[in-house]
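Structure record follows, encoded as structure tokens.
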Amino acid sequence: MAAWRASHPLRKLLPSVALVNVVASVVIRVVHRDSYVAGWEVAGAANGLFMVSTHSARELWSYYIGRQFDDIGWPVFGAPVSLLPGYLASRWPGDWWPQITTPTLVLISLLVLRSAIDLPGRGSWIMLLAWGASSALLSYSVIGFPYISSILPNALALFAVLRGRGSVLWALVGSLTAIELSWHVQELGRTIFAIFFAAAILLPRARPVCRVIWLAGGAMQFWLERTHPTYNTVHYAAMTLPPLSSVAFHTFDLLRHFGTLKPDIPLLIVAGILAAMSLGNERWFWCAVLGFHLGVIWLLASNSGILEGIGAVWPRRVLMLDFICAAACVAAVCARRRSAPIVISLLAVGCVWQFGSTVEWASKRLDYLNMGWAFPMPYTQTTLDCAVPIMSTDWFKELRATVDDGRKVLLLYNLTSFDENNTDPAGVIERLYLHLGHERFMSTVYVFGDDRIRWNELPIRPMSEVDSTLASLTPDEVEAYYLYHPNDDRADWPIAVKHQQEMGVLFDAVRTHFDVEWHERRMDVQGRVLMHFALRPHDNVNGGLAPTDHLFGTYDESPATCSTQRRASDAFAGHVLNPD
């Protein structure tokens with residue numbers, strides 16, 4: 041580490057600066073986000089909670105062994121990203137477990153990387169400096185959606201080749217562990233074959249038997265990947281090289297995309313490329329691995345299919361590239377390469393840049409554009425999912441307070457509701473499930489629907505139990521809610537039609553068993569209407585659902601708003617949501 045110590049006195053401050061930058065940036069993110077998390081952040085943990093609450097240890101073992109290579113969504117299947125937080129929630133209920141397990145996986149990955157590169161303890165600040173130069177790495181290190189989990193098997197693969205080149209045991213154990221874990225994390229974790237192949241061919245000072253192990257491990261992983269594909273791996277494996285004449289255009293387009301800071305602050309990548317090229321006899325290995333991940337990003341940008349093209353190069357899709365660049369930077373500084381001062385300088389500037397952008401982000405409220413939704417942290421934006429509906433999160437907090445106050449809740453809301461769609465679910469039921477734990481959820485929350493599996497499975501009561509369950513309720517103990525979204529009225533969507541039918545059955549059952557006392561209604565800019573009501577014993581005078589026009593005023597607002605309010609009012613009155 042003498043290269044950076046001797047050059048300039050200010051560099052003695054860098055360890056403290058690196059630590060403060062990472063800690064402050066993370067704290068600002070977590071505090072400003074508050075409890076506004078995306079549904080995908082809790083879906084996996086909720087599925088894990090359901091699994092450990094309804095299956096024995098033997099059944100879980102058989103499930104994971106039997107479905108090791110099934111086409112199951114990784115966020116709801118992977119042991120470290122689903123089963124682990126689910127188990128913890130079963131012991132100590134809380135909807136915050138995913139926000140703890142994801143940073144833990146990142147920390148483990150960094151410790152494995154540190155061991156792989158043989159970084160001395162006093163040099164650990166280099167990893168913090170590299171991590172703090174990337175807004176994407178920092179944000180995905182602390183959100184519950186474990187997309188960054190792909191770095192764990194890659195860190196293990198680096199350990200298997202860098203520390204294992206002189207030890208057959210480490211090469212074998214590290215390779216097998218990386219291969220196994222790659223099937224429990226985000227799918228880019230399965231690209232560890234690139235590290236194994238590069239090491240077998242290009243890494244210097246390795247024992248021949250270790251090269252054979254890496255070659256066999258890479259071949260096995262590649263074969264497993266090709267024979268056990270998922271929807272995503274099939275889709276992206278079908279990408280093709282563009283015509284030679286357009287290579288320059290796509291390359292310039294990708295450079296411009298990074299130049300506009302849309303995927304991430306680019307200085308870590310610049311420093312990583314420089315570091316990889318300066319690593320002496322190991323440079324060909326590092327350049328091959330880094331070039332592979334650069335090539336994947338370039339290929340994604342140069343194709344034009346669904347969720348492809350330059351607009352699909354989102355921050356989370358450069359996380360693996362960022363990780364490899366960070367590893368190369370650490371290796372170059374640890375090896376005291378001549379590029380170390382430049383690499384450190386680039387990372388230091390990147391840290392300042394990152395912290396400034398974080399402060400700017402935190403200076404505005406999450407939904408500063410008044411769209412009714414927001415992304416939970418900087419550099420987590422996509423055109424697909426992970427948006428946080430503000431009203432749904434506020435509703436969850438109200439439900440949480442209600443059940444914590446000893447009340448029960450009846451939700452006229454289920455997996456057919458638009459806000460719980462397969463692509464970008466709000467996760468209201470999942471968060472309540474994690475907060476309460478399985479047994480308390482079943483005794484205090486009443487959710488009905490014939491769909492109980494999205495990607496994850498939830499303890500939703502079947503529609504056949506509606507009447508018997510409502511008949512057993514003590515009305516004074518229950519608060520009831522209905523969340524309406526304009527897309528719930530779609531007649532051309534089968535799931536919306538099913539939603540209308542199921543809500544119709546529920547409203548009819550409520551009319552049969554109770555009178556209703558309306559409390560309030562709230563509406564957001566996207567047309568959602570949250571309706572809160574209490575159940576009362578029949579008074580044998582009015583009976584059933586009372587008129588609701590008083591909830592919505594005189595309809596003297598804009599035509600679009602009036603239409604939404606009228607439909608919501610009719611839904612309460614049982615007209616629109618009539619299964620007949």
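Once you know that position 183 of the sequence shown is 223 in our numbering, the rest is easy, because the numbers rise by one and skip nothing.
Every residue gets a Cβ at the ideal spot worked out from N, C-alpha and C, and that includes glycine.
Alpha helix (DSSP H) segment containing residue i, residue limits
i	result
residue 452	No alpha helix (DSSP H) holds residue 452; the beta strand (DSSP E) holding it covers 448-452.
residue 220	208-222
residue 441	430-444
residue 201	191-202
residue 239	233-242
residue 329	323-342
residue 520	Not the alpha helix (DSSP H): residue 520 falls in the beta strand (DSSP E), residues 518-524.
residue 263	248-267
residue 509	506-511
residue 293	287-299
residue 475	468-476
residue 148	138-157
residue 87	80-94
residue 310	307-317
residue 320	Run containing residue 320: none; DSSP gives neither H nor E here.
residue 409	It is not in any alpha helix (DSSP H) - residue 409 carries neither H nor E in the DSSP assignment.
C-beta atoms of residue i and residue j nearer than 7 Å
i	j	result
residue 625	residue 250	The question about residue 625 has no answer here: the residues shown for the chain are numbered 41 through 620.
residue 388	residue 380	no
residue 199	residue 146	no
residue 635	residue 391	This structure gives no information on residue 635, because the portion of the chain shown stretches from 41 to 620.
residue 258	residue 236	yes
residue 360	residue 179	no
residue 518	residue 500	no
residue 467	residue 79	yes
residue 354	residue 422	yes
residue 369	residue 383	yes
residue 491	residue 503	no
residue 472	residue 520	no
residue 305	residue 393	yes
residue 244	residue 321	yes
residue 233	residue 261	yes
residue 174	residue 444	no
residue 427	residue 464	yes
Selected residue, minimal CA-CA separation from residue i, among the options
i	options	result
residue 113	511, 258, 334 and 88	88
residue 201	399, 242 and 574	242
residue 439	426, 453 and 428	453
residue 579	562, 555 and 566	555
residue 157	456, 472 and 196	196
residue 118	247, 79, 56 and 185	185
residue 564	540, 220, 431 and 314	431
residue 328	239, 162 and 461	239
residue 442	465, 481 and 384	481
residue 434	183, 53 and 562	562
residue 419	463, 300 and 513	300
Start-to-end residues for the beta strand (DSSP E) that takes in residue i
i	result
residue 576	569-576
residue 494	Element bounds for residue 494: n/a, residue is neither H nor E.
residue 555	555-563
residue 486	485-487
Neighbourhood of residue i by C-beta distance below 7 Å, restricted to the same chain and skipping five residues each side
i	result
residue 474	82, 85, 86, 89, 129, 133, 134, 135 and 137
residue 553	510 and 511
residue 217	196
residue 93	130 and 478
residue 324	242
residue 70	182
Neighbourhood of residue i by C-beta distance below 6 Å, restricted to the same chain and skipping five residues each side
i	result
residue 229	190, 193 and 222
residue 141	124 and 125
residue 272	227
residue 583	Interpretation of residue 583 is limited by its pLDDT of 48, a score under 50 that renders its predicted location unreliable; the figure taken from the coordinates is listed afterwards. Within the same chain, residue 583 has no close Cβ partners at all.
residue 144	none
The ligand GDP heavy atom lying under 6 Å from the CB of residue i
i	result
residue 399	Only the bare structure without any ligand can be found here, which leaves the ligand GDP out of the picture.
Beta-carbon contacts of residue i that lie in its chain and below 8 Å, excluding the five residues immediately before and after
i	result
residue 536	456, 458, 527, 528, 529 and 530
residue 291	338
residue 549	506, 507 and 510
residue 269	111 and 277
Sufficient close CB pairs (3 or more, under 8 Å) joining the stretch 223-230 to the stretch 181-192 = In short, these stretches touch, since the Cβ pair count reaches three.
Take every Cβ of the stretch 561-576, pair it with every Cβ of the stretch 514-529, and state whether three or more of those distances are shorter than 8 Å.
-> yes
Quick check: the stretch 206-220 against the stretch 161-178, are there 3 or more CB pairs under 8 Å?
-> no
Inspect the CB distances between the stretch 404-411 and the stretch 326-341 and report whether three or more fall short of 8 Å.
-> no
Spell out a yes or no on whether the stretch 477-492 and the stretch 441-452 are touching, meaning 3 or more CB-CB pairs, one atom from each, closer than 8 Å.
-> yes
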